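Peer 1: Numbering (this note's numbering), first residue to last: 2 to 187.
For glycine and all other residues, C-beta sits at the position ideal for the given N, C-alpha and C.
This one's a predicted model, so the numbers in the text were calculated from it and none came from an experiment.
Take a look at the following structure, please.
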Amino acid sequence: TEKAIGEIDTESRKRFGEAFHAINANFREMFKNLFGGGTGEMRLTDEENLAESGIDIVASPPGKRLQSVLLLSGGEKSLTAMALLMSVFQYTPSPFCILDEVDAPLDEPNIERLTKLLRNMAEQTQFIVITHSKRTMEAAQALYGVTMQEPGVSRLVSVKFDAVQIERKPRAASTVKEEELEPVLA
């Protein structure tokens with residue numbers, strides 16, 4: 002039994018090391034893509050003892066010095082978390098992923114980079130994204146909304162974008178107001 006436990010321990014350390022290095026390589030690349038540059042990486046807190054080691058995330062968004070993820074802004078933390086999550090998904094894809102308002106702390110350029118990433122990864126994973134962001138909604142293949150027209154009665158509304166196209170009215174800035182988007186049946 003001790004021999005079997007030793008073999009299992011050796012194999013689990015080997016697999017953890019392989020997974021850690023692959024996910025870290027994915028994370029470095031994903032971080033650069035989401036931030037438009039910079040560096041991000043995972044570091045083991047105890048490289049000699051993989052079974053007991055923790056993992057630190059350090060990041061350096063473009064123009065900033067390398068620091069713990071705990072010191073980043075809300076938007077930077079959100080993008081870093083998405084980079085890590087998507088790095089794991091690249092290593093071990095899942096059929097679906099539910100994201101709840103991950104875009105809330107992001108500005109327009111970062112929402113654009115996030116939605117581009119989600120569209121690219123949608124080939125292997127179906128994303129269900131809960132959002133209030135019009136920009137994120139524009140990237141979806143389908144929208145589902147829940148409304149409450151009377152107290153206690155919810156109503157589901159859905160729109161599939163293969164049957165609808167969005168007409169854009171000219172706009173001065175990079176903001177989109179709800180009344181500027183008009184669904185038109187194709």
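Kindly indicate which residue of Arg66, Glu12, Thr40 and Lys135 has the alpha-carbon position closest to the one of glutamate 109.
Peer 2: It is Lys135 whose Cα lies nearest to the Cα of glutamate 109.
Peer 1: Please state the DSSP three-state secondary structure of glutamate 8.
Peer 2: DSSP places glutamate 8 in helix when its eight states are reduced to three.
Peer 1: Assuming asparagine 25 and glutamate 12 are in contact, meaning their beta carbons sit under 8 Å apart, how far apart are those beta carbons, in whole angstroms?
Peer 2: With 8 Å as the limit, asparagine 25 and glutamate 12 do not qualify as a contact, their Cβ atoms being about 20 Å apart.
Peer 1: Closest to proline 94 by CA distance: which of Leu157, Met138 and Gln125 is it?
Peer 2: Comparing Cα-Cα distances from proline 94 to each of Leu157, Met138 and Gln125, the minimum goes to Gln125.
Peer 1: Buried or exposed: asparagine 121, going by 16 or more other Cβ atoms within 10 Å of its Cβ?
Peer 2: Result: exposed.
Peer 1: If you count every other CB in all the chains shown that lies within 10 Å of the CB of phenylalanine 97, and 16 or more means buried, which is it?
Peer 2: So phenylalanine 97 ends up on the exposed side.
Peer 1: Could you pull out every residue in the same chain whose Cβ sits closer than 7 Å to the Cβ of valine 103, ignoring the five residues on either side in sequence?
Peer 2: Answer for valine 103: Ser79 and Met83, listed in chain order.
Peer 1: Tell me whether alanine 140 is buried or exposed, calling it buried when 16 or more other Cβ atoms sit within 10 Å of its Cβ.
Peer 2: Alanine 140 comes out buried.
Peer 1: What are the start and end residues of each continuous beta strand (DSSP E) run of 3 or more residues lying completely inside the region 96-127, in chain order?
Peer 2: With a minimum length of 3 residues, the continuous beta strand (DSSP E) runs that stay inside the region 96-127 are 97-101.
Peer 1: Measure the alpha-carbon distance for threonine 81 versus phenylalanine 32 and round it to whole angstroms.
Peer 2: Distance between the alpha carbons of threonine 81 and phenylalanine 32 is about 7 Å.
Peer 1: In whole angstroms, what is the alpha-carbon distance linking glutamate 48 and valine 130?
Peer 2: For glutamate 48 and valine 130, the distance between alpha carbons rounds to 36 Å.
Peer 1: Take the Cβ of proline 62 as the centre, count every other Cβ of all protein chains shown within 10 Å, and call the residue buried at 16 or more, exposed below.
Peer 2: By the 10 Å Cβ count, proline 62 comes out buried.
Peer 1: Per DSSP, which residues does isoleucine 56 bridge with? Please list them.
Peer 2: DSSP output for isoleucine 56 lists Leu45 as bridge partner(s).
Peer 1: Measure the alpha-carbon distance for valine 185 versus arginine 156 and round it to whole angstroms.
Peer 2: Below a pLDDT of 50, predicted positions are generally treated as unreliable, and valine 185, at 43, falls in that range; the measurement from the model is reported next regardless. Spanning the two alpha carbons is a distance of roughly 21 Å.
Peer 1: In the structure shown, what three-state DSSP assignment does serine 61 receive?
Peer 2: DSSP places serine 61 in strand when its eight states are reduced to three.
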